[in-house]
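The sequence shown begins at 193 in my numbering and counts up one residue at a time.
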Amino acid sequence: MSDRGETPDAVVVGAGPAGFASALALARAGQRVRLLEADPRHAERLAGEWLHALALDVLDALGVDVTPATPYPTGKGFVVF
Numbered sequence: 193m194s195d196r197g198e199t200p201d202a203v204v205v206g207a208g209p210a211g212f213a214s215a216l217a218l219a220r221a222g223q224r225v226r227l228l229e230a231d232p233r234h235a236e237r238l239a240g241e242w243l244h245a246l247a248l249d250v251l252d253a254l255g256v257d258v259t260p261a262t263p264y265p266t267g268k269g270f271v272v273f
């Protein structure tokens, strides 16, 4: 992905799963990519804090290593109040 000081070759708007996968594919093809979220309200919502097993399978298929830098105890689920 692109540093802020560089001019990107591509800009992907929408930082959800499809935008992420698109930006990743472009970056792997050697493009400098800037990934942007179009809706500023998305920073206020619960998203990506916990990944379900199917999401982990997709990330694994994309070659994304989700191994944490520092080990931590795993959770058993979550509740939103």
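Every residue gets a Cβ at the ideal spot worked out from N, C-alpha and C, and that includes glycine.
With contacts defined by Cβ atoms closer than 9 Å, proline 200 and alanine 247 do not form a contacting pair.
Per DSSP, the unbroken beta strand (DSSP E) holding valine 204 starts and ends at 202-205. Residue range 245-253 is occupied by the alpha helix (DSSP H) that includes valine 250. The beta carbon of alanine 207 lies closer than 6 Å to those of Leu227 and Glu229 in the same chain, with the five residues before and after it left out. The C-beta distance from valine 204 to alanine 221 rounds to 13 Å, too long to fall under 8 Å, and the pair is not in contact.
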